[in-house]
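Everything on this sheet refers to the single structure shown next.
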Amino acid sequence: MSHKQIVMAGTDARDLTKLAEYEAVGGYASLAKARALGAEAITNELMTSELRGRGGAFFPTGRKWSFVPSPEQNPNPHYLVINADESEPGSFKDNEIISRVPHRFIEGCLITAHAVLAKHVYVYIRGEYLEPYEILVAALEELKERPDLRGDVTIIVHRGAGAYICGEETALLDSLEGKRGQPRTKPPFPAVAGLYASPTVVNNVETIATVPAIIEMGGAEYAKLGVPNSRGTRLISVSGHVERGGNYEVEPGISLKDLIFAPELGGGVPGGRAIKAVIPGGSSTVILTGDELEVGYDFDSLLAKNTAMGSAGVIVLDDRVCMVQLGIRVSEFYEHESCGKCTPCREGTRWMTQILRKLEAGDASEHELDLLLSVCDRINGKCLCPLGDTAAMAIASYVEKFRDEFIAHLNGGGCPCGDHSPLDGVLAPVAQHIHNHASELVPA
Amino acid sequence: MGVALFEKIQEIRAIYPEGTQSALLPALRLAQEEYGWLSPDALREVADALDLTPAMCKSVASFYDQFNLEPVGEHLVEVCTNVSCALYGAQQVLEAFQDELGCRAGETTEDGKVTLRTIECLGGCGWGTIVAVDHAYRKGVKPGDAAAIVKELA
Ligand SMILES: Cc1cc2nc3c(=O)[nH]c(=O)nc-3n(C[C@H](O)[C@H](O)[C@H](O)COP(=O)(O)O)c2cc1C
Ligand code: SF4
Ligand code: FES
Chain A
1 MSHKQIVMAG TDARDLTKLA EYEAVGGYAS LAKARALGAE AITNELMTSE
51 LRGRGGAFFP TGRKWSFVPS PEQNPNPHYL VINADESEPG SFKDNEIISR
101 VPHRFIEGCL ITAHAVLAKH VYVYIRGEYL EPYEILVAAL EELKERPDLR
151 GDVTIIVHRG AGAYICGEET ALLDSLEGKR GQPRTKPPFP AVAGLYASPT
201 VVNNVETIAT VPAIIEMGGA EYAKLGVPNS RGTRLISVSG HVERGGNYEV
251 EPGISLKDLI FAPELGGGVP GGRAIKAVIP GGSSTVILTG DELEVGYDFD
301 SLLAKNTAMG SAGVIVLDDR VCMVQLGIRV SEFYEHESCG KCTPCREGTR
351 WMTQILRKLE AGDASEHELD LLLSVCDRIN GKCLCPLGDT AAMAIASYVE
401 KFRDEFIAHL NGGGCPCGDH SPLDGVLAPV AQHIHNHASE LVPA
Chain B
1001 MGVALFEKIQ EIRAIYPEGT QSALLPALRL AQEEYGWLSP DALREVADAL
1051 DLTPAMCKSV ASFYDQFNLE PVGEHLVEVC TNVSCALYGA QQVLEAFQDE
1101 LGCRAGETTE DGKVTLRTIE CLGGCGWGTI VAVDHAYRKG VKPGDAAAIV
1151 KELA
């Protein structure tokens, strides 16, 4: 199987973190072409390409750009904000994009800035990404000597400080404004009133790193790749019980099974174990059972299975994994990361964890299993942002698809997987008590 | 020391549009790098440098996991225990660090040298277990690696 590389093209042969190397493979030629095309023509090219956002919400990129009001309609400056907060469990593609093709990403920023009439680009990168941050800053440093490339656009790299919710675009904007990163009510949408209440386009790193190729090959060519509603290529993060964890750039439509088993992709399950379940698009997505792997890895096929590509983080779980323990660990994540703004999410995620813990210990009855689903139901659809909804849907899907295993835990049953499950007794940050000896040593 | 921090914060402030408080997160990061943690005094310094109130600075700082509102050790060891890393054995890695350091997750060693913590997904799931040692990612860490890493920090 050969796989078309667009975002990561050229990285096998060269160190594309260097400007000279990137230019040697035709880098920044798309920028010149785009500037000659003009703003409207670039956006049209993006519409033709059918590119959809890679951050998780799948919004058509060209359409998003077309919503930005003209300077006559709104005299405020326009901003381009790049979402490099990547914190969805299972996803690590933006990490690799920034680390290996920073100039392609920057070229995408400059083209997009031109298309949406922005003079300022803010790259909001998660605080933990120190190495990618340094690589990006070094690449921007190289651009300092190149006003021909930079033009009149300023790119500012802004570091987050550890909060998953800041990946939600309006929370990100509040965080970028120096506030607590809590989602805003929409409307107004960022295109109308985003950063500093000005017209703002927010796009994911991979979305933007795809833009130069679309300008180079033309939107129509790009739209020939992949399958309907999932055009082009996607960088898919594969992790968990696979031989070859890593990011793989493939055309959507490939089967999930091939993604996991192809020797040049996931490479199969260690020890030849059976697959119990697969989380297809990061921990916020509905789980698939080991019997559902024939599904195409694309928007429509996954939607037909009631799940999603999300941020394209595939987590493979073998037959030893306890689904109740998985529920606990995933629920603890959302409990920790809930921003606290809405009660159903803030309290509900804590409830989910508590009930799941009781279940795992064998102290729960069928009534509590129903209660768990009821809590999920009371979160889903009753929250301001998708964090609460997706947490509830993910947990409910574990119960629905592995009900027998949940039932086996009830009424003193305890965990049938015992301590064979690799998720047994895993300590999550939310369960970690901070005992600080140093606070006794250092006067406050 | 205080003057240098004040000046550095003004430089950052100049990057962002006037009248905004976008410089707050970078300023808190700078102050933390300077003092190790965000003490009430450090928060006051940041507030003064940005014409904000200390309460605003604390309210923002307390939202983010990376800001320490209590003292921490000279070094930070953070073990990712989210799902993918856990499938590779992150819990065993964490336990190996607990044994080597003689403290539990969430604690600092007796001598104030190292703080050990668990952390949510670090965005390196295919290369786990990921352990961030003073914020630099170590990939594919196994329980047997803990001793050597702890020795580096001594
Ligand atoms: C809880 C939550 C977390 C999110 N995290 C990210 C993220 O880390 N990176 C990202 O690009 N989008 C993330 N998103 C999606 C963004 O809100 C937004 O849709 C996206 O950045 C838009 O860019 P795109 O159209 O290029 O995908 C998240 C959404 C939610 C609700
Ligand atoms: S759903 Fe949760 S994370 Fe989203 S705004 Fe409400 S409380 Fe915050
Ligand atoms: S689960 Fe550890 S890096 Fe993602």
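Heads up: the sequence lines are chains A and B, in that order.
Just so you know, we're using the working numbering here: the first sequence kicks off at 1 and counts up by one.
Just so you know, we're using the working numbering here: the second sequence kicks off at 1001 and counts up by one.
Beta carbons: idealized from backbone N, C-alpha and C, even for Gly.
Contact set for residue i: own chain, Cβ-Cβ below 8 Å, skip 5 residues either direction
i, result
"residue 1027 of chain B", "1009, 1012, 1013, 1046, 1049, 1050"
"residue 259 of chain A", "236, 238, 248, 250, 265, 266, 297, 314"
"residue 357 of chain A", "328"
"residue 195 of chain A", "79, 81, 122, 173, 176, 177"
"residue 45 of chain A", "37, 62, 214, 215, 218, 219"
"residue 283 of chain A", "88, 89, 90, 313, 315, 330, 333, 394"
"residue 162 of chain A", "126, 127, 128"
"residue 439 of chain A", "Low local confidence applies: a pLDDT of 46 at residue 439 of chain A is under 50, so the model's placement there is unreliable, and no value is given."
Helix, strand or coil at residue i according to DSSP, with G and I counted as helix
i, result
"residue 363 of chain A", "coil"
"residue 437 of chain A", "Reliability of the predicted coordinates at residue 437 of chain A is poor, the pLDDT of 49 falling under 50, and the value obtained from them is presented with this limitation in mind. Here residue 437 of chain A sits in coil by DSSP."
"residue 443 of chain A", "Note that residue 443 of chain A scores 43 on pLDDT, short of 50, meaning its location in the model is unreliable; the coordinates nonetheless yield the value given after this. Reduced to three states, the DSSP call for residue 443 of chain A is coil."
"residue 201 of chain A", "strand"
"residue 84 of chain A", "strand"
"residue 423 of chain A", "coil"
"residue 1136 of chain B", "strand"
"residue 237 of chain A", "strand"
"residue 230 of chain A", "strand"
"residue 118 of chain A", "strand"
"residue 511 of chain A", "Residue 511 of chain A lies beyond the range of chain A shown here (1 to 444); nothing can be said about it."
"residue 1114 of chain B", "strand"
"residue 262 of chain A", "coil"
Nonlocal neighbours in the same chain, by C-beta distance under 6 Å from residue i, ignoring five residues either side
i, result
"residue 207 of chain A", "53, 54, 61"
"residue 419 of chain A", "none"
"residue 1034 of chain B", "1005"
"residue 372 of chain A", "355"
"residue 1120 of chain B", "1082"
"residue 1092 of chain B", "1143"
"residue 340 of chain A", "346"
Beta-carbon separation (whole angstroms), residue i vs residue j, contact threshold 8 Å
i, j, result
"residue 123 of chain A", "residue 158 of chain A", "7 Å"
"residue 200 of chain A", "residue 81 of chain A", "6 Å"
"residue 353 of chain A", "residue 374 of chain A", "The pair is not a contact, with the Cβ atoms about 15 Å apart (cut-off 8 Å)."
"residue 1037 of chain B", "residue 1060 of chain B", "Not quite, the Cβ-Cβ distance comes to about 15 Å (not below 8 Å), so this is no contact."
"residue 103 of chain A", "residue 22 of chain A", "4 Å"
"residue 1131 of chain B", "residue 1095 of chain B", "So it is not a contact: roughly 13 Å between Cβ atoms."
"residue 16 of chain A", "residue 101 of chain A", "5 Å"
Ligand 3 heavy atom lying under 6 Å from the CB of residue i
i, result
"residue 235 of chain A", "no"
Nonlocal neighbours in the same chain, by C-beta distance under 7 Å from residue i, ignoring five residues either side
i, result
"residue 1000 of chain B", "No answer is possible for residue 1000 of chain B: it lies beyond the span of chain B, which begins at 1001 and ends at 1154."
"residue 430 of chain A", "332, 335, 336"
"residue 246 of chain A", "238"
"residue 289 of chain A", "277, 401"
"residue 482 of chain A", "As displayed, chain A neither begins before 1 nor continues past 444, which places residue 482 of chain A out of reach and without an answer."
"residue 107 of chain A", "27, 28, 30, 31, 212"
Closer than 6 Å: residue i CB and nearest ligand 2 heavy atom
i, result
"residue 1059 of chain B", "no"
"residue 379 of chain A", "no"
"residue 338 of chain A", "yes"
"residue 150 of chain A", "no"
"residue 244 of chain A", "no"
"residue 341 of chain A", "yes"
"residue 346 of chain A", "yes"
"residue 422 of chain A", "no"
Near ligand 5: residue i beta-carbon under 6 Å from a heavy atom
i, result
"residue 7 of chain A", "This structure simply doesn't include ligand 5; it includes ligand 1, ligand 2 and ligand 3 instead."
Residue i: CB within 6 Å of a non-hydrogen atom of ligand 1
i, result
"residue 168 of chain A", "yes"
"residue 54 of chain A", "yes"
"residue 189 of chain A", "no"
"residue 95 of chain A", "no"
"residue 387 of chain A", "yes"
"residue 116 of chain A", "no"
"residue 247 of chain A", "no"
"residue 192 of chain A", "no"
Check each residue's C-beta against every heavy atom of ligand 3 and list, in chain order, those closer than 5 Å. Neighbourhood of ligand 3, defined by CB distance below 5 Å to any of its heavy atoms: B/1080, B/1082, B/1084, B/1085, B/1121, B/1122, B/1124, B/1125, B/1128, B/1130, in chain order.
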